[in-house]
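Okay, so here's the structure we're looking at.
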């Protein structure tokens with residue numbers, strides 16, 4: 230490490246841990262998006278949850294990119310290194326988090342104003358027709374677990390290494406599992422009529 | 007339906023094969039102590055009535071890629087497999103969005119009929 234390049238030794242282990250968590254986040258969240266997309270039907274709540282999960286990949290991706298750049302040493306073109314990459318990554322991650330909040334608010338308010346009636350019908354699997362809502366609830370329950378665990382692990386690391394991007398990602402994961410729980414409540418509400 | 011004791015069904019003109027769909031709806035109505043009431047109406051009118059809740063279901067020939075697919079809940083084809091061509095109209099039951107009990111019951115009945 231030099232004055233303007235590399236990761237300080239004091240936080241190198243935590244940064245590597247953060248990186249590993251972000252790779253796990255990408256793997257788990259891609260699986261969550263795939264499962265949710267399979268069962269989303271025409272439910273607005275499910276669509277919002279899927280879009281929210283796709284956007285939640287952004288902070289993890291930009292954290293990995295920023296760490297990749299931060300490790301680079303200064304050169305003639307960038308004599309003060311690449312540490313500001315983290316600020317750019319924070320801007321992108323924070324914008325993604327803001328977009329998720331804005332999108333959820335817009336979807337919820339417009340659905341309420343238009344008095345839309347969500348349709349959740351049946352799906353035939355192995356010769357049996359079951360209510361699609363059960364699959365949606367199962368998918369949403371699955372979508373709650375990875376962000377709940379990963380976000381919980383990431384938060385103290387983000388605090389230790391003072392990384393705004395990782396902190397934003399931990400907040401995004403919090404939004405993820407809370408959206409999942411709200412979605413489950415919504416589907417149960419549809420089931421109860 | 008439960009308030010009036012009547013289940014209002016519009017059958018679109020040129021639907022000579024509507025009988026199995028009507029039988030399903032009659033069974034559903036009977037299970038809710040209601041009777042089926044047929045209402046005559048043309049395509050656009052009937053589907054608009056369905057959207058507005060003036061009828062409970064519309065029986066007719068609809069394509070999977072119908073322009074109404076977002077406005078109403080179209081069932082799978084009644085008594086046959088989904089055609090390869092998504093623009094080919096086949097017998098379906100159009101239900102009002104959000105009428106999930108009727109939608110699930112008819113989905114189940116259609117799946118059982120296909121087996």
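Protein chains in written order, with the working numbering: chain A, 230 to 422; chain B, 7 to 121. All C-beta atoms in this analysis are idealised placements derived from N, C-alpha and C, irrespective of residue type, glycine included.
Where residue 240(A) is concerned, the enclosing alpha helix (DSSP H) starts and stops at 238-268.
Here the stretch 273-287 of chain A does not lie against the stretch 298-317 of chain A, with fewer than 3 beta-carbon pairs under 8 Å apart. Under the three-state reduction of DSSP, residue 285(A) is assigned to coil, being neither helix nor strand. At a Cβ-Cβ threshold of 8 Å, residue 18(B) and residue 31(B) do not count as neighbours.
The C-beta distance from residue 291(A) to residue 256(A) rounds to 17 Å, too long to meet the 8 Å contact threshold. Sequence-distant partners of residue 266(A) (beyond 5 residues in either direction) whose C-beta falls short of 8 Å from its own C-beta, in its chain, are 279. Per DSSP, residue 78(B) is one residue of the beta strand (DSSP E) stretching across 78-80.
Out of 399(A), 375(A), 332(A) and 377(A), the CA that lies nearest to the CA of residue 386(A) is found in 399(A). Relative to the Cα of residue 46(B), the nearest Cα in the group 101(B), 65(B) and 36(B) belongs to 65(B). Per DSSP, the beta-bridge partners of residue 358(A) are 353(A).
Under the Cβ criterion of 8 Å, residue 419(A) is counted among the residues facing chain B.
For residue 331(A), there are no neighbours in chain B by C-beta distance under 8 Å, as the nearest C-beta there is about 24 Å away. Closest in alpha carbon position to residue 407(A), among 371(A), 295(A), 352(A) and 393(A), is 371(A). At a cut-off of 3 residues, the continuous stretches assigned as beta strand (DSSP E) that sit fully inside the stretch 68-108 of chain B are 78-80 and 96-102.
When Cβ-Cβ separations below 8 Å define contact, residue 381(A) makes no contact with chain B. Within a 10 Å sphere around the beta-carbon of residue 105(B) sit 16 or more other beta-carbons, which makes this residue buried. In the structure shown, residue 389(A) adopts helical secondary structure according to DSSP, grouped into three states. Looking at the backbone, the Cα of residue 331(A) and that of residue 27(B) are separated by about 43 Å. For residue 104(B), the residues of chain A that pass the 7 Å Cβ criterion are 346, 347 and 348, in the order they occur in the chain. The criterion of a C-beta distance shorter than 8 Å is not satisfied by residue 251(A) and residue 320(A). Look at the stretch 37-60 of chain B: it has no residue with a C-beta under 8 Å from a C-beta of chain A. What residue 351(A) touches in chain B, judged by beta-carbon distance under 8 Å, is 109, 110, 113, 114 and 117, going in chain order. For residue 54(B), no beta strand (DSSP E) segment is defined; the enclosing uninterrupted segment is the alpha helix (DSSP H) at 49-58. Annotation for residue 17(B): no alpha helix (DSSP H) segment contains it, though the beta strand (DSSP E) segment containing it runs 12-17.
For the stretch 72-94 of chain B, the residues whose beta carbon sits under 7 Å from a beta carbon of chain A are, in order, 79. The beta carbon of residue 420(A) lies closer than 8 Å to those of 349, 360 and 362 in the same chain, with the five residues before and after it left out. Not one beta carbon of chain B lies nearer than 8 Å to the beta carbon of residue 253(A). Listed in chain order, the non-local C-beta contacts of residue 368(A) below 6 Å within the same chain comprise 264, 265 and 268, local neighbours out to five positions each way being set aside. Restricting attention to 409(A), 413(A) and 296(A), the CA atom closest to the CA of residue 313(A) is found in 296(A). If only uninterrupted alpha helix (DSSP H) runs of at least 4 residues are considered, those enclosed by the stretch 305-344 of chain A are 314-342. Out of 107(B), 35(B), 40(B) and 22(B), the CA that lies nearest to the CA of residue 98(B) is found in 22(B).
In the structure shown, residue 20(B) adopts coil according to DSSP, grouped into three states. DSSP places residue 415(A) in the helix class (H, G or I) of the three-state scheme.
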